[in-house]
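What follows is a single structure, written as structure tokens, with notes after it.
Number of protein chains: 2
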Amino acid sequence: MNDQAPITATTSKTEALARRYGADALPAAGPWNQHLDLLLSHRSVRGYRPDALPAGTLETLVAAAQSAATSSNMQTWSVVAVTDPATKAVMAKVANNQKHIEQCPLFLVWLADLSRNRRLAAAEGAELVTPDYLEGFLVAAIDAALAAQNAVVAAESLGLSTVYIGALRNDPLKVAEVLGLPAGAMGVFGLCVGYATPEAEAEVKPRLAQDAVLFREKYGNPDEPALRAAYDAKLAAFSRQNEMAETTWTGRVINRFGTLAAMNGRDRLAEIVRAMGFPLR
Amino acid sequence: MNDQAPITATTSKTEALARRYGADALPAAGPWNQHLDLLLSHRSVRGYRPDALPAGTLETLVAAAQSAATSSNMQTWSVVAVTDPATKAVMAKVANNQKHIEQCPLFLVWLADLSRNRRLAAAEGAELVTPDYLEGFLVAAIDAALAAQNAVVAAESLGLSTVYIGALRNDPLKVAEVLGLPAGAMGVFGLCVGYATPEAEAEVKPRLAQDAVLFREKYGNPDEPALRAAYDAKLAAFSRQNEMAETTWTGRVINRFGTLAAMNGRDRLAEIVRAMGFPLR
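Line by line, the protein sequences give chains L and W.
When we follow full-length UniProt numbering, the leftmost residue of the first sequence carries the number 1, and every step to the right adds one.
When we follow full-length UniProt numbering, the leftmost residue of the second sequence carries the number 1, and every step to the right adds one.
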């Protein structure tokens, strides 16, 4: 499908790139179309109206998710759609009381799921080995992420907003208990889906300049310290404008990754994942 | 952005869903637009013309990738763009001689990358703890996957084709050596990008019925064996039509996940990932 000609973008390319990188850090000019406009305009939203989704929305998001590539077509992911307020309340509690989990009309729990492959083998009297290895777990987690991202793009194309909830990994055993997960299935992250409240309509968050994450032929950029300093200033300004604590990116990384306390129990993840039926050999 | 009204899909919803699931397994009817049409029409392509990409294409794909969500805005991924034939030849060899890696004009290596966060902390005299844990590695791998999937959608919107190359994990140390990766950065998968040859224009591959992967409130479906049997027949027919070995999905899963030999060295992945600077605690 080549949509370069017929589709008219609603936002100009330069405007979309400036929102993402800042006007001083525009990447090289390239092609543009309405799909790119949609992708570039993503923002995570943390406040939802209670409005129900149109009929068939869930199935449409999952059709998009299943259309993503999956390693060797093994389809090692599943998704549990949660609308029950009691279940959402448990999920919100696991995730440090993120209230948007209870607000959103649809909460999707994306699973790394090797259990379906195992059930199939058991039914055939065969044994599988890959699921016992880190490789198997990694394939399943990546499969789940590719699928979920397609669902996010699909949701945003329908005027819906989303936010990923990695904090489900604070207590994967509780998530498994509430959803009735078998061994070999684990919630790797959640996703809120719904209509944003006006107050929660966030600005597009700026990212590191492309030269800090995109390398050509060989890794590395000697300008990284300068690029980081420029981004620190940009993110501090963004925080100030959006009434968040004014911190640089450097400060955020050190806060987030610098202490065991900030891991909220996820320092036990390897042990827990093993207990859930992924030996990680 | 709400595109439901103005965008006209080029493929009908029913046709797109029938290609993905078979006409006998259509999910519930839902909304439709040209973005969904694009997502639903994905196919992985394993043959490329040598034609160069339009100027700015790489930067546009990376802008889409950076617009994906990233856990706590930690941006724990990077990408190396490879066009050098000698480097592509090494990558192809790592990946069991997949010739499309050498054919495609652009080969992207997506990195789980905690090294940038570590460099930042070192520059500030701080220490990070999360990168030492499985949690840190998982966040980085998922971040890379979300970013890459946005790049795939962007590429397909431009009439380009792609295929993920998980087989880079056959030998991540060789990939790291050739790309000059620092400790704490690892190629989790590659991605071929280019224009499909006419022979390689694949059909849309059918997937498991939605009821086999989408659950409501609680995990599980007692009809799973019947859904699997129906999909086995569908995938065998697809293989026959596309001149591949006629195998069921059940047969493929057992072949792919059933033997150490099929892991192509990836049974050593945990050890290798640790050696690359991810302790996986």
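All C-beta atoms in this analysis are idealised placements derived from N, C-alpha and C, irrespective of residue type, glycine included.
- Sixteen is the threshold: when 16 or more other Cβ atoms of the shown chains lie within 10 Å of the Cβ of A121/L, as they do, the residue is buried.
- Only buried fits S115/L, as 16 or more other CB atoms lie within 10 angstroms of its CB.
- Between M91/W and chain L, the shortest Cβ-Cβ separation is not below 8 Å.
- Look at M74/L: its C-beta is under 8 Å from a C-beta on chain W.
- Annotated three-state conformation of L280/L is coil, per DSSP.
- Among the residues of chain W, those whose CB is under 7 Å from the CB of K205/L are N73, following chain order.
- Within chain W, no C-beta atom comes less than 9 Å from the C-beta of V193/L; the nearest is roughly 13 Å away.
- Residue-level contact by beta carbon fails for F278/W and chain L, as no gap is shorter than 8 Å.
- No Cβ of chain W is located within less than 8 Å of the beta carbon of R49/L.
- Here the stretch 51–70 of chain W lies against the stretch 147–164 of chain W, with 3 or more beta-carbon pairs under 8 Å apart.
- In the DSSP assignment, V109/L falls within the beta strand (DSSP E) that extends over L106 to D113.
- W77/W: member of the beta strand (DSSP E) spanning W77 to V82, first to last residue.
- An exposed status is given to R216/W, since fewer than 16 other beta-carbon atoms sit within 10 Å of its beta-carbon.
- Under the Cβ distance rule, V82/W counts among the residues neighbouring chain L, one pair being separated by less than 8 Å.
- Around the beta carbon of M244/W, a 10 Å sphere encloses fewer than 16 other beta carbons of the protein chains shown; the residue is thus reported as exposed.
- With a threshold of 8 Å between beta carbons, D171/W makes no contact with chain L.
- Excluding residues up to 5 positions away in sequence, L38 lie with their Cβ nearer than 7 Å to the Cβ of S157/L in the same chain.
- Across the structure, R169/W and F257/W are spaced so that their CA atoms are roughly 15 Å apart.
- Under the DSSP definition of a beta bridge, L214/L partners with V79/W.
- Counting only residues of its own chain and dropping the five nearest sequence neighbours on each side, A89/W has a CB closer than 7 Å to the CB of E102.
- P198/W has a beta carbon lying at 8 Å or more from every beta carbon in chain L.
- With contacts defined by Cβ atoms closer than 8 Å, V175/L and G187/L form a contacting pair.
- Under the three-state reduction of DSSP, M74/W is assigned to coil, being neither helix nor strand.
- The beta carbon of D132/W lies closer than 6 Å to those of P279 and R281 in the same chain, with the five residues before and after it left out.
- At least 8 Å separates the CB of T247/L from every CB of chain W.
- Near chain W, meaning a CB-to-CB distance below 9 Å, the residues of the stretch 218–241 of chain L are K218, Y219, G220, E224, P225, R228 and L235.
- Check the Cα spacing between A261/W and each of Q34/L, T130/L and N73/L: the tightest is with T130/L.
- Taking the Cα of V153/L as reference, the smallest distance to any Cα among E177/L, N73/L and L40/L is reached at L40/L.
- Along the length of the UniProt domain "Nitroreductase" (41–195) of chain L, whole alpha helix (DSSP H) runs at least 4 residues long occupy 57–66, 85–94, 99–103, 115–123, 134–157 and 172–179, reported in chain order.
- Cβ-Cβ separation between L160/W and Y195/W: approximately 6 Å, consistent with a contact (criterion under 8 Å).
- Using a Cβ distance threshold of 8 Å, V82/L and M91/L count as a contacting pair.
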